[in-house]
Amino acid sequence: MDDNEKKFEKFTALQQQISAGPDAYKHSILYDCCAIFANKWNLLVVVSLMQGTRRNSELLQQIAGISHKMLNESLKKLISLKMVTREVYPEVPPRVEYSLTEFGRSLSGPLLALLDWHDAWKDKFETLYDHYD
331 MDDNEKKFEK FTALQQQISA GPDAYKHSIL YDCCAIFANK WNLLVVVSLM QGTRRNSELL
391 QQIAGISHKM LNESLKKLIS LKMVTREVYP EVPPRVEYSL TEFGRSLSGP LLALLDWHDA
451 WKDKFETLYD HYD
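For any residue, its number in our numbering is found by taking its place in the sequence shown, counting from 1, and adding 330.
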């Protein structure tokens, strides 16, 4: 079976899950991706943590526009999905650090593929953005 046939099979299986209703695709790629990236902040937190372990204040500095509330919500969600770990050090004042788990780091390949795809179609995206301005 060549690559195109494998892709066709995967898309066919996904379409069958979607056609069967919400319960059938609850743990499909679409559902899982939406659970992780339901808001832009989760993705930006993951990208920031791909550069290494960070404290809350460092994440706030690196991610322009994120509020304390949204950062904490994103971190809680990513921790519940086992993508991020939270390490608390018994110091005064307490020090808390966040880092990606192996599962979280496994997103680097798909994210790089998405970045490459965006770069390849950058002109098309710019045209779309111009249309909405």
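Backbone N, C-alpha and C define an ideal beta-carbon position, used for all residues, glycine too.
#### Entry: Inter-stretch contact (C-beta, 8 Å, three-pair minimum) for the stretch 371-387 and the stretch 409-428
yes
### Query
What do you reckon, are the CB atoms on glutamate 384 and arginine 425 nearer than 8 Å?
The residue asked about is misnamed: residue 384 is arginine in this sequence, not glutamate. No, they are not a contact pair.
### Message
If you measure between the beta carbons of methionine 380 and serine 436, is that distance less than 8 Å?
### Response
no
### Message
Just to confirm my understanding: we take glutamate 421, look at its own chain, exclude 5 residues before and 5 after, and list those with CB closer than 7 Å. What are they?
### Response
none
### Message
Just to confirm the assignment, what range does the beta strand (DSSP E) spanning leucine 430 have?
### Response
425-430
### Task
Specify the secondary structure class of glutamate 456 as computed by DSSP and reduced to three states.
helix
### Task
Pick helix, strand or coil for serine 415, following the three-state DSSP scheme.
One detail in the question is off: residue 415 reads as threonine in this sequence, not serine. Of the three classes helix, strand and coil, the one that applies to threonine 415 here is strand, per DSSP.
### Message
Considering Cα atoms alone, identify which of Ile396, Ile409, Leu430 is closest to alanine 365.
### Response
Ile409
### Query
To the nearest angstrom, how far is it from the Cα of alanine 343 to the Cα of aspartate 333?
15 Å
### Query
When burial is assigned at 16 or more other CB atoms within 10 Å of the CB, is serine 387 buried or exposed?
exposed
#### Entry: Rounded separation between methionine 331 and phenylalanine 338 - CA only
11 Å
### Message
Measuring only the C-alpha atoms, how far is cysteine 363 from proline 440?
### Response
11 Å
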